[in-house]
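Numbering (our numbering), first residue to last: 11 to 321.
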């Protein structure tokens with residue numbers, strides 16, 4: 011059995027999601043190879059070689075691979091796919107963009123968003139916004155899998171000494187081109203990797219209240235900022251803050267939900283958090299059903315009080 015993990019990176023450093031995906035791959039029991047696809051990505055390849063449990067690293071380096079266009083990345087994976095029984099990638103925007111194309115080209119059924127490895131051909135994945143867990147068994151010769159990274163503890167980033175090999179880069183498909191990228195710059199932790207998240211909902215009432223009420227608390231806690239879909243749709247918070255089924259899946263040590271009622275789509279994205287604290291003036295709000303600590307109060311009074319107490 012041979013397992014290939016597609017690394018997520020910025021051409022220089024690996025994203026934490028790669029470590030969680032390697033963790034899932036290790037549970038399959040075979041040799042784990044990490045593939046780094048990009049441009050000028052030698053440093054990311056060296057970092058991948060240090061990951062605990064990785065036996066080999068493949069680096070495909072070419073200018074047309076640098077922007078992670080789905081057509082090119084999928085073709086690069088397909089060039090080596092026949093040597094592996096399992097192809098894994100994080101269930102992030104990149105993984106969701108590339109792996110369905112790989113599965114279609116291989117004429118196999120993708121196994122999406124797995125949360126557990128039961129055996130080499132059997133996996134568990136959430137359905138119905140996490141309200142049910144499906145056990146999926148695949149008879150495909152090559153299994154194409156995306157991994158819900160919050161369901162697997164990250165393997166150590168240091169301790170390995172895998173061999174690094176160069177993979178022949180495929181030619182540019184010419185089917186798409188990179189136009190531009192807007193990257194949100196923030197001194198706060200990345201949402202999906204943060205240990206503490208302060209998240210706001212429609213109850214905040216405005217973008218100004220997000221800044222005035224939530225930011226001081228997030229600053230005190232050293233937390234990332236999140237939001238419900240309702241708050242994002244209302245324009246109170248940017249899209250990259252959205253937590254939930256159609257946003258980002260998170261599982262921090264502490265999730266503070268403020269003014270969030272707790273729609274099932276939001277709960278699907280954060281209910282695996284280790285500790286959940288909720289503030290809402292509606293004592294019947296569904297968020298209290300998953301919260302470890304709940305406070306029925308006016309958030310505009312309670313949150314500033316919390317900030318004062320934190321000094």
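C-beta: ideal position from N, C-alpha, C; glycine also. These numbers come from a predicted model, not from an experiment.
| message | For residue 290, report the span of its beta strand (DSSP E) as first-last. | response | Counted from its first residue, the chain shown places residue 290 at position 280. Here the beta strand (DSSP E) through residue 290 covers 285 to 290.
| request: Could you tell me how far apart the beta carbons of residue 127 and residue 14 are, in whole angstroms, since I believe they sit closer than 8 Å? | output: Translated into positions along the chain shown, residue 127 becomes position 117. Translated into positions along the chain shown, residue 14 becomes position 4. Not a contact, Cβ separation roughly 15 Å.
| Since residue 283 and residue 261 are thought to touch, with beta carbons under 8 Å apart, how far apart are those beta carbons, to the nearest angstrom? | Counting from one through the chain shown, the residue named residue 283 turns up at place 273. Counting from one through the chain shown, the residue named residue 261 turns up at place 251. At roughly 5 Å, the Cβ-Cβ gap stays under 8 Å, so residue 283 and residue 261 are in contact.
| field | Boundaries of the alpha helix (DSSP H) in which residue 86 is found, first to last residue | value | Within the chain shown, the letter at position 76 stands for residue 86. Looking at the DSSP string, the run of the alpha helix (DSSP H) that includes residue 86 is 80 to 88.
| Can you tell me the Cα-Cα spacing of residue 79 and residue 94, whole angstroms? | As a working note, residue 79 is residue 69 in the chain shown. As a working note, residue 94 is residue 84 in the chain shown. Spanning the two alpha carbons is a distance of roughly 22 Å.
| query | For residue 12, which of helix, strand or coil comes out of DSSP? | reply | In the chain shown, counting from the first residue as 1, residue 12 sits at position 2. Residue state, collapsed to three classes: strand.
| query | Considering residue 27, what are the terminal residues of the alpha helix (DSSP H) in which it resides? | reply | Here residue 27 corresponds to residue number 17 of the chain shown, with the count starting at 1. Where residue 27 is concerned, the enclosing alpha helix (DSSP H) stretches over 26 to 36.
| field | Residues that DSSP places opposite residue 135 in a beta bridge | value | Translated into the one-based positions of the chain shown, residue 135 becomes position 125. Partner(s): 144.
| request: Would you mind working out which of 271, 265, 133, 301 sits nearest residue 203, comparing C-alpha positions? | output: Counting from one through the chain shown, the residue named residue 203 turns up at place 193. Measuring from the Cα of residue 203, the nearest candidate turns out to be 265.
| message | For residue 134, which residues in the same chain have their Cβ closer than 6 Å to its Cβ, ignoring the five residues on either side in sequence? | response | The residue labelled residue 134 in the question sits at position 124 within the chain shown. Once the five neighbours on either side are set aside, the close Cβ partners of residue 134 are 125, 126, 143, 145.
| Cβ-Cβ separation, residue 36 to residue 63 (assumed contact under 8 Å), whole Å | Residue 63 sits at position 53 when you count from the first residue of the chain shown. Residue 36 sits at position 26 when you count from the first residue of the chain shown. About 5 Å; that satisfies the 8 Å criterion.
| message | Suppose you measure from the CA of residue 233 to the CA of residue 279; what does that come to, to the nearest Å? | response | Here residue 233 refers to the residue found at position 223 when the chain shown is read from its first residue. Here residue 279 refers to the residue found at position 269 when the chain shown is read from its first residue. Each residue's alpha carbon lies about 17 Å from the other.
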